[in-house]
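Student: Counting from 1 along the sequence shown, just add 30 to a position and that's the residue number in my numbering.
Idealized CB from N, CA, C, for every residue including glycine.
No experiment lies behind these values; they were computed from the predicted model shown.
There's a structure below that I have some questions on.
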Amino acid sequence: MWLLLSPTRLEAPFLKGEPFAFLAWKGLKGKGFVYLETGIGKVNAAMALAAYAAKNPVEKALLFGIAGAYPGGPALGEAVLVGEEVEADLGLKEGLEPLGFPALALGERRYFNRFPLDSGLTQALAQTLGLKVAVGLTRDLVSETPAEALALARRWGASLENMEGAAFARACLALGVRGAELRAVSNPAGVRDRGAWRLREALGALEDIMGRLLAAP
Ligand SMILES: O=C(O)c1cccc(C(=O)CC[C@H]2O[C@@H](n3cnc4c(=O)[nH]cnc43)[C@H](O)[C@@H]2O)c1
């Protein structure tokens, strides 16, 4: 059984199921999945996952939604899995490490700004669905210019931008939940002109891939 999460219902119109309310969130119970609409941003994503997992067993979780692509990243309308997320607005501009406090410590492993998704689950999905695996960058602020986007991409070695992924990845690690992330590119990061966006194509890619994922054995 999947726990599926997306920031908005706009990204999941194709999911059909029994509506339910859970604390601050709305969701659906469907065939082979429970879905939660988390709301936008890092805090919403982490809270929704943690609150749900505190009260329900979670076998595997998938965050899906739209994203911006950095130069050289995935094409507009293309969907990719995210193998690692960077939380780029935590600590100094250089990151959290200079401050000396990890964001998360699990045994000997200390995580500062980079959080892996579950590699086994991600690789299995990449193979089954024929998708590339990319590095995502998460901030509560979106890039507002191409120059800002390019600087972030270069600084952190990321190819797409979103507002929830690192929080979801970090919460999965902390809670011991196997988590994966699927993003479809709706826009070039840093471009605010909606004429340059390809929202319909990105939503179509999500629908196609989620349909195949839920149909897979
Ligand atoms: O008005 C703008 O300039 C603007 C730029 C990017 C995204 C938005 C949104 O309102 C969507 C936020 C929503 O979608 C994800 N998303 C999609 N594209 C991007 C992006 O280029 N940078 C960051 N996040 C993006 C995000 O995860 C949110 O869930 C408005």
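Hey, would you say the C-beta of R257 is under 8 Å away from at least one heavy atom of ligand 1?
Tutor: Past the edges of the chain, shown from 31 to 247, lies residue 257, and the structure says nothing about it.
Student: Taking 8 Å as the cut-off, is the C-beta of A219 nearer than that to any heavy atom in ligand 1?
Tutor: Yes, the beta carbon of A219 sits closer than 8 Å to at least one heavy atom of ligand 1.
Student: According to the Cβ coordinates, are Y100 and E231 closer than 9 Å?
Tutor: Their beta carbons are not under 9 Å apart, which means Y100 does not touch E231 by this criterion.
Student: For the alpha helix (DSSP H) holding S149, just list the boundary residues, first then last.
Tutor: Counting along the chain, the alpha helix (DSSP H) containing S149 begins and ends at S149 to L159.
Student: Looking at the strands, I want to know which residues DSSP matches up with G213.
Tutor: It is Arg, not Gly, that sits at residue 213 in the sequence shown. Looking at the DSSP assignment, R213 forms a beta bridge with G95 and V110.
Student: Under a three-way DSSP split, which group does V246 fall into?
Tutor: The sequence shown places Ala at residue 246, not Val. In the structure shown, A246 sits in coil (DSSP, three-state: anything other than H, G, I, E or B).
Student: Kindly examine ligand 1 and report whether one of its heavy atoms sits closer than 8 Å to the Cβ of G130.
Tutor: For ligand 1, not one heavy atom lies less than 8 Å from the Cβ of G130.
Student: Excluding the 5 residues flanking G150 on each side, which residues of the same chain have their C-beta closer than 8 Å to its C-beta?
Tutor: Taken in chain order, the residues that qualify are R208.
Student: Since K56 is in the beta strand (DSSP E), which residue starts that stretch and which ends it?
Tutor: Unbroken beta strand (DSSP E) run through K56: W55 to G60.
Student: Take the Cβ of E124 as the centre, count every other Cβ of all protein chains shown within 10 Å, and call the residue buried at 16 or more, exposed below.
Tutor: Flag for E124 reads exposed.
Student: Contact defined as beta carbons within less than 8 Å: I believe R39 pairs with L159. What is the distance between those atoms, to the nearest angstrom?
Tutor: Actually they do not touch by this definition, with Cβ atoms about 23 Å apart.
Student: For the alpha helix (DSSP H) that G195 lies in, which residues bound it at each end?
Tutor: Here the alpha helix (DSSP H) through G195 covers G195 to L205.
Student: Pull up the DSSP beta-bridge partners for R139, would you.
Tutor: DSSP output for R139 lists L136 as bridge partner(s).
Student: When the Cα atoms are used, what is the spatial distance from M252 to A235?
Tutor: No answer is possible for residue 252: the residues shown for the chain start at 31 and end at 247.
Student: Select from A219, P104, A196 and W227 the residue whose C-alpha is nearest the C-alpha of V73.
Tutor: Of the listed residues, the one whose Cα sits closest to V73 is A196.
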